[in-house]
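Trainee: Taking the numbering used here, I'd label the letters of the sequence shown as residues 5 to 166.
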Amino acid sequence: MAESIFLTEGATKAERYEQLIPQLKTLIGDDTHQTAVLSNCASAIHFAFDSLWTGFYTVEGDELVLGPFQGPIACMRIKIGKGVSGAVLANGETLVVPDVDAFPGHIACSSDSRSEIVVPVRDAAGEIRAVLDVDSASLGTFDDTDRAYLETICDWIGAQIF
Ligand code: SME
5 MAESIFLTEG
15 ATKAERYEQL
25 IPQLKTLIGD
35 DTHQTAVLSN
45 CASAIHFAFD
55 SLWTGFYTVE
65 GDELVLGPFQ
75 GPIACMRIKI
85 GKGVSGAVLA
95 NGETLVVPDV
105 DAFPGHIACS
115 SDSRSEIVVP
125 VRDAAGEIRA
135 VLDVDSASLG
145 TFDDTDRAYL
155 ETICDWIGAQ
165 IF
């Protein structure tokens with residue numbers, strides 16, 4: 005397998021995603037093991053964008069349970085409807101939060117987090133089985149470019165493992 009993900013220095017955000025996605029697909033190949041796939045996806049996305057925290061929560065009953073991630077230690081269980089991740093599980097839509105302090109009910113796993121994006125990961129039946137949460141130490145890091153590319157990545161992950 006490849007030892008690293010290669011991204012061009014100085015590339016735009018969209019270019020970085022364009023470079024990342026095919027390498028991620030090559031890295032994962034036909035492996036369908038949930039922990040293995042989510043772990044390498046969390047690592048690849050995290051280091052591609054030098055984020056504060058990048059990881060997955062998987063759906064178990066009416067809550068999200070911490071899954072593979074990169075970054076500081078994090079909340080282990082989030083109830084449906086709670087925080088940004090729980091809101092995504094409840095509403096089924098990606099949330100881009102430019103300022104976490106302005107999001108009612110935001111769960112501060114890390115006091116360094118300033119903005120975040122949470123994207124649902126669905127199975128073939130359209131059920132949300134996990135969410136991808138990416139946190140930044142800067143305000144307003146995430147936009148519609150992140151939303152579009154991370155949704156593409158999460159759709160592919162969902163089809164691969166669920
Ligand atoms: N901030 C998230 C909680 C998860 S962590 O940031 C890793 C939220 O409000 O859902």
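By construction, the Cβ of each residue, glycine as well, lies at the ideal position given by its N, Cα and C atoms.
Determine the DSSP secondary structure at LEU136, reduced to helix, strand or coil.
Mentor: Here LEU136 sits in strand by DSSP.
Trainee: Within the structure, which residues are defined as neighbours of the ligand SME by a Cβ-heavy atom distance below 7 Å, reported in chain order?
Mentor: My final list is TRP57, GLY59, ALA78, CYS79, ILE82, GLY87, VAL88, SER89, GLY90, VAL104, HIS110, ILE111, ALA112, CYS113, SER114, SER117, GLU120, VAL122, ASP137 and ASP139.
Trainee: What ranges does the beta strand (DSSP E) occupy inside the stretch 28-78, keeping only unbroken runs of at least 3 residues that lie completely in it?
Mentor: For the stretch 28-78, whole beta strand (DSSP E) runs of length 3 or above, ordered along the chain, are 57-64 and 67-74.
Trainee: Whole angstroms is fine: what's the gap from ASP139's alpha carbon to PHE53's?
Mentor: ASP139 and PHE53: Cα-Cα distance of roughly 10 Å.
Trainee: Which same chain residues, not among the five before or five after GLN38, have their C-beta less than 7 Å away from its C-beta?
Mentor: Cβ neighbours of GLN38 beyond the five flanking positions: ILE165.
Trainee: How is LEU154 classed by DSSP in three states: helix, strand or coil?
Mentor: Three-state DSSP puts LEU154 in a helix.
Trainee: LEU143: buried (16+ other C-beta within 10 angstroms of its C-beta) or exposed?
Mentor: Counting Cβ neighbours within 10 Å, LEU143 comes out exposed, since fewer than 16 surround it.
Trainee: Note down, in chain order, each residue of its chain lying with its Cβ closer than 8 Å to the Cβ of GLY75, except the 5 sequence neighbours on either side.
Mentor: Cβ within range, chain order: HIS50, SER55, LEU56, TRP57, THR58, GLY59, SER114 and ASP139.
Trainee: Tell me whether SER119 sits in a helix, a strand or coil according to DSSP, three-state version.
Mentor: Here SER119 sits in strand by DSSP.
Trainee: Along the alpha helix (DSSP H) that carries VAL88, what are the first and last residues, could you check?
Mentor: First-last of the alpha helix (DSSP H) with VAL88: 87-95.
Trainee: To the nearest angstrom, report how far apart ASP150 and VAL63 are at their CA atoms.
Mentor: The alpha-carbon atoms of ASP150 and VAL63 are separated by roughly 23 Å.
Trainee: Quickly, what does DSSP pair LYS83 with across the bridge? List them, please.
Mentor: LYS83 pairs with GLU67.
Trainee: Where does the unbroken beta strand (DSSP E) through LEU143 begin, and where does it stop?
Mentor: Careful: LEU143 lies outside any beta strand (DSSP E) and carries neither H nor E.
Trainee: What does DSSP give as the partner residue(s) for VAL104 in the beta ladder?
Mentor: According to DSSP, which records beta bridges pairwise, VAL104 is partnered with nothing at all.
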